[in-house]
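For the record, the sequence lines run as chains A and B. First residue of the first sequence? That's 1 in the UniProt record's numbering, and the numbers climb one at a time after it. First residue of the second sequence? That's 1 in the UniProt record's numbering, and the numbers climb one at a time after it. Working notes, beginning with the structure itself.
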Amino acid sequence: MKLKEINRTALQAWSPAQQHPIYLAAGTSAQQLDATFSTSASLEIFELDLADPTLAMKSCGSVSSPHRYHKLVWGPHGIEDQSLPSGVLIAGGENGDIILYDASKIIAGDSEVIIAQSEKHTGPVRALDVNSFQTNLVASGGNESEIYIWDLNSFSSPMTPGPKTQPLEDISCVAWNRQVQHILASASPSGKASVWDLRKNDLIIKVSDHSNRMHCSGLAWNPEVATQLVLASEDDRMPVIQMWDLRFATSPLKVLESHTRGVLAIAWSEADPELLLSCGKDNRILCWNPNTAEVLYELPTSTQWCFDIQWCPRNPAVLSAAAFDGHISIYSIMGGSNDHATTLQAEQLSSSFGNIDPFGTGKMLPPLQLPQTAPSQSTVTPLKKPPKWIRRPVGASFAFGGKLVTLDNIKPAAQQPQQTAAHVVHISQVVTETDFLDRSNRLQATLTAGNFLEYCQNKTEAAQSEFEKTVWSFLKVNFEEDARGKYLELLGYKKEELALKITSALEQNCKSDEADVVEKKSPVEEEAEAPATETSDLDEVPFEDEEPVVEETSNTEVTPAPSSDAIKLKVSQDIDGLITQALLIGDYEAAVNLCLHDNRMADSIILAIAGGPELLAKTQKKYFTKTQSKISKLISAVVMKDCLDILETCDLQNWKEALAAVMTYAKPEEFSSLCGLLGSRLEAAEDAALQAQACLCYICAGTVEQLVAYWAKAQDSSSPLALQELVEKVVVLQRAVLRAQGGVSDMGALLAEKMNQYASLLASQGSLQTAISYLPTNTQQVSVQQLRDRLSRALGQQQQQPGAAGTGTLPAAVPVQTYTQPQPPQVPAQPAAPPQYYQQVESTAPAFGLQSPVSASVPASTPFMYSQQYQRPQNGWNDPPTLNRAHKKKKIPENFTPPAPITAPIMAPLGDPQGPAGQTMQTLQSQQQGPDQPVGPATFSPIQQQPLGPPGRNPNMPQGNMEGAPGAPIGDLIKPLQSIPTEKITKKPIPEEHMVLKTTFEGLIQKCLAAASDPQTKRKLDDAHKRLEYLYDKLREQTLSPAIVGGLHNMARSIECRCYTDGLNIHTHIVSSSNFSETSAFMPVLKVVLTQANKLGV
Amino acid sequence: MSKLLKTVSVINTVDTSHEDMIHDAQMDYYGTRLATCSSDRSVKIFDVKNGGQILVADLRGHEGPVWQVAWAHPMYGNILASCSYDRKVIIWKEENGTWDKMYEYTGHDSSVNSVCWGPYDFGLFLACGSSDGAISVLTCSGDGHWDIKKINNAHTIGCNAVSWAPAVVPGSLIEQPTGQKPNYIKRFVSGGCDNLVKLWKEEDGQWKEDQKLEAHSDWVRDVGWAPSIGLPTSTIASCSRDGRVFIWTCDDPAGNTWTAKLLHKFNDAVWHVSWSITGKILAVSGGDNKVTLWKESVDGQWACISDVNKGQGAVTSITDSQQNEQ
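In structure tokens:
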């Protein structure tokens, strides 16, 4: 098809293959018939811009010339060294002159464009050719057998290829051999061709068929076969192209006969030696396979002769033909339709004239009538044979499982032509992550052999950083006996030493004065306190602010102000006397009260011991209530078996001490949740070093999901080795949990996602079997199911039924790790914000009551958010809630209670009638309400009593399963834990202007909940309800970009008017235009809600 | 386990018995079947499970060299598209163990050089690039009817390659919990003899040129839109007769700003690029008959990680990891 057109009758020369963009030079032809141009001549350069769909070619520069040209060639000389950036244009003139132009200067519009000029030839220079090996060598041919070899580097003195042929005749063509650089051929109208060897400086062979009818208008060497050339004849009596082989130079090898009149020009494609163009006086342009003499293609042409034809050296499908009708046309050999370009051309023309009244004549132009070209003309069939340049010889494509498929078209060796070509395909395994695979294999081996201790040991030893080492040491402990003890050691506490210290401290306490009791710190506590003071400015510990108040209050409390009931008993006597009297009558309680009142703490405790366990317990209680100070917290926690308080209030810098306390005192059933809680707090810390410690807590807790969540957040786990690192830890921890509890734990959504990544990475390295073993089985995640299907099919296995154990069908009673926090045996203090308190009670989703519109001043819980978040995915985020959500009054921990006189003992009396002398502070346990079982790497039977004793005593630590244990803490006990932090950590309020978002989304969820009938939808909505906290958090922090916030408001508005589809569209827009990490926590949830709302039609 | 893992090791060599040059070889979704096509006008399908090579089908129907084959996603059945110099696109389907023509598209005026199936999530549709300069998008309407949309004059002198954008819109890697289709805009990239890489997108059912990426100085031989790996970046590889391979990336969600990074300038024309399934490795096939594998390092530089020496390694060099799996 025709691509471009230039309205010139001119000789043409394409820019060399090295040149980009492609140019075409057009020089006024000496043969031109157009009389109006006869007196002047020009050389013009056009750019071939194929991105422009019109037929026009952009003129890039031109020079006028006193000479008209007989021949024009464009050589690459100077392009490589940039001396002539666009090469050199060589023109052969009428008067025997050869002119060298700097093409780049013409393009630049420079006036001095001629590099050199010579008038060596005596007649018109009709033949020019550039040597393709040494581009500085140019051959020229003129009249009287003149052939010169020009060196463009020293242009003044040309050589001759040998003595002139006799008789003297015009030279019409010269051509350098394409394979052998010192061979040159020339031809003349007489039909004779001569082949010159420049090394011998002589003619080596003459080629002629002796018919005397050949009139050579064209000469071309075979681009591939050094000994072959073609000659074209201009003679109408013999309009043929002869193909000669110099080895058999007696007669032509092939004669290409199809033109009916003389051939004016030929061009042999460099890109495909099976393509030879010819144009003739019969107005035809033909494309031949010269080897078979077959016409492959005929270009649709005008009714005029083409006198010159050229392949574009750079774009192999492009050719140009210059015709006497005044056009140079650019064609594609690949066929295609002309319609589009024609239409565009017409449009362009009419637009440049102006459609309405171009000449101001007052007459409208008639509508443009495009000639309706017949389909046969506009659609050009392509070459009969595919050109070489579109035959793709190579290819390598990736396939699933890290396979690479490569083509191999083996050509028969030249020496053994009888050997047939082989066409084979190789399938290769590509392994790019060798370290990763190596480690994966080691992990696999460990999993098979079960030698985790050794594995952890090795990992510890190989650890690159201290932190890594610690993490692996912690992991290792899971597989050892006496895990807690080992943990303690890792935290820097030897049980024996600790016991000693504390015993001595107690002795000191006994001996010390009453007043000292309050002030005295236990060694452990001192240790714990020391760093706290240094870092007390850390603002992530909001309770710090409350401390002084508490202390102050307690100080005033312990001042010996008269207490009403004591005063009523004995007013007039001194305390000592009264105590004596009380003791004398055996009234321990009164004596103890007196001692307490008088701040004789030691006396009171000793007396209380004598008075029996009940009194002791009461006394302890009162003691701790009175001594509200930092010091007392640890002691209180230890005595009350309530580590929660410490965990929640300790300075995070003291996390080690807090964790140690948990190790020592936590009840088995609460151990895991307490560790997890501390981890959550650490994770929420701003100090990155502290955040990192969170994962140690999660390891102790055995909460795989939390570990994954932390890791995914804190570490870049996208690189294979980082992912491997994570999986190693997770898998080992999973095994540890498994070992401890003997059951199969479910994989949470996040972990499933990570495992999916891991499996897909393994698959990409060819480890399909291993990959499939890591895929979670209990997930509905589409990507996991797809990968599973793909892997099993790739392995030739029967397709597995995916999702058989999907979350949707999970029974509600699936064991799930729950917080088993006993309610603190303290008076439930009135919450600071009663409305919030009630909202909590009413809320079906525990997470949710935390932020009520009025809770601006109410501390909210960041740690809680994490713990809740990570806890939930144990069964997948949309699982049925396994926690009992019965309405229950929440217990508020003591330390938050504004100090007030104790009005009643609040210890729950149930639980341990056999306890040793009632020394155990029994936790309040509610009745078991469901099959939910606490699980963890180190779970303990609640029947195991923890004697009060000296704090150093090592608690019994059996590794047991909680399953079915009577009185085991159950889900509803999580409530205190959930509610407590609300008070602890201040959350900023949601900005006023964004409250509408919360109200709207909440409202919608409530509406949906009311309308939803099936439990699954309800669960989804419940979950959505919870997960929207992320959004509110972001709103509080005001970290969302204005675009997203704006979008959310738009969504809210569309929800208001119940246009959920619009809402979804806005949603999509937000998601597609926002940063994933910014919105991923809540946008999917909103989508679920909107979709449900739409479905339910609320 | 010792470290004996080679980067590339031949695990199976299939003698296709094609009588002329092979132009393309593609594995199906599971990597268990191999389709090849050749200048001998045939398309062959082999079962290559477990290192075997059983000829399953020898598909005859094209009247010219067959340039490319493409497997559709298996959720639509076993479907293979092939395109040829004969200007035809044939869609083959296996029914009851027998492969047959499902559809034949003859709407191009010149050689059809490239076929590529769109993301399966959005239907069964195929893009075809032709030397007539046009690109066709064929969409199966489900009842065996195919809807045709043609972009005329997409690339002057011819379109050499087409490749679809992955289904996951970059930056919105969010689980669609209800199995809903996100608002996916169908997009693909094409490369042609006008030296251009062009991006196309469907708007209101019409195909529009979205972007024109200029960097190559010669025919763009192949383009490959990288699979999404969850990052908010779109990546396209393009290779050219000019020997250059460019990696185009776009970070903005609207897809308007593309930047080119030169992967390498080869000494020979580059014919083919192929992304690994996870989108991290690029295989580049050059005219010098060499295949190189490239990987982006952490600092964003592309490094050659391997030369694939075809025919070496033989079948015996099974890696340790595979032995493990046996």
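From the three backbone atoms N, C-alpha and C, an ideal C-beta is built for every residue, glycine too.
- The beta carbon of B/Asp307 does not come within 7 angstroms of any beta carbon belonging to chain A, so the residue lies off that interface.
- Sixteen is the threshold: since fewer than 16 other Cβ atoms of the shown chains lie within 10 Å of the Cβ of A/Ile204, the residue is exposed.
- About 7 angstroms separates the CB atoms of A/Thr160 and A/Ile149; that is less than 8 angstroms, so the two are in contact.
- With fewer than 16 other CB atoms across the displayed protein chains lying within 10 angstroms of its CB, A/Thr303 is exposed.
- For A/Pro386, the chain B residues whose C-beta falls within less than 8 angstroms of its own C-beta are Ser39, Gly64, Pro65, Tyr85, Ser111, listed in chain order.
- Residue-level contact by beta carbon holds for B/Ala283 and chain A, with a gap shorter than 7 angstroms.
- For A/Tyr1030, the enclosing alpha helix (DSSP H) has its first and last residue at 1015 to 1037.
- Looking at the DSSP output, B/Tyr103 bridges to B/Ile91.
- Straight-line measurement puts the Cα of A/Leu761 at about 41 angstroms from the Cα of A/Asp651.
- The DSSP-derived three-state label of A/Gly335 is coil.
- The CB of A/Phe474 never comes closer than 7 angstroms to any CB in chain B; the least such distance is about 26 angstroms.
- Any Cβ of chain A closer than 7 angstroms to the Cβ of B/Val8 would place that residue at the interface, and such an atom is present.
- Of all residues in the segment 394 to 411 of chain A, those with a C-beta nearer than 9 angstroms to a C-beta of chain B are Val394, Gly395, Ala396, Ser397, Phe398, Ala399, Phe400, Gly401, Gly402, Lys403, Leu404, Val405, Thr406, Leu407, Asp408, Asn409, Ile410, reading in chain order.
- For A/Ala722, not one C-beta of chain B is nearer than 7 angstroms to its own C-beta.
- Burial of A/Ala322 is indicated by the presence of at least 16 other C-beta atoms within 10 angstroms of its C-beta.
- With a threshold of 7 angstroms between beta carbons, B/Gln211 makes no contact with chain A.
- With fewer than 16 other Cβ atoms from the protein chains shown falling within 10 Å of its own Cβ, B/Met75 counts as exposed.
- Between A/Leu55 and A/Lys4, the C-beta gap is smaller than 7 angstroms, which places the two residues in contact.
- With fewer than 16 other Cβ atoms from the protein chains shown falling within 10 Å of its own Cβ, B/Asn256 counts as exposed.
- In the structure shown, B/Val66 falls within a strand segment according to DSSP collapsed to helix, strand and coil.
- If you draw a straight line from the Cα of A/Lys1095 to the Cα of B/Thr233, it is about 33 angstroms long.
- It is roughly 36 angstroms from the alpha-carbon of A/Leu578 to the alpha-carbon of A/Lys501.
- Here the alpha carbon of A/Asn441 sits roughly 9 angstroms from the alpha carbon of A/Thr770.
- Note on geometry: alpha-carbon atoms of B/Val56 and A/Asp408 lie some 21 angstroms from one another.
- Following the DSSP letters along the chain, one finds B/Cys250 inside the beta strand (DSSP E) bounded by residues 244 to 250.
- In the DSSP annotation of this structure, A/Phe155 is not part of any alpha helix (DSSP H); the continuous beta strand (DSSP E) holding it starts and ends at 154 to 159.
- Rounded to whole angstroms, B/Glu95 and A/Tyr455 show a C-alpha spacing of 52 angstroms.
- In the DSSP assignment, B/Gln206 forms a beta bridge with B/Glu203.
- Of the candidates A/Ser1077, A/Leu1035, A/His1025, A/Gly1046, A/His1025 places its Cα closest to the Cα of A/Leu1090.
- Judged by beta-carbon spacing, A/Leu1028 lies within the 7 angstroms limit of A/Phe1001, meaning their Cβ atoms are closer than that value.
- Interface with chain B (7 angstroms Cβ-Cβ cutoff): A/Ala51 is included.
- Within chain B, not a single residue places a beta-carbon under 8 angstroms from that of A/Val1045; the smallest gap is close to 17 angstroms.
- Under DSSP, B/Val220 shares a beta bridge with B/Ser240.
- Under the Cβ distance rule, B/Gly31 counts among the residues neighbouring chain A, one pair being separated by less than 7 angstroms.
- Interface annotation, B/Ala165: not in contact with chain A, CB-CB separation never under 7 angstroms.
- DSSP places A/Phe307 inside the beta strand (DSSP E), whose first and last residues are 306 to 311.
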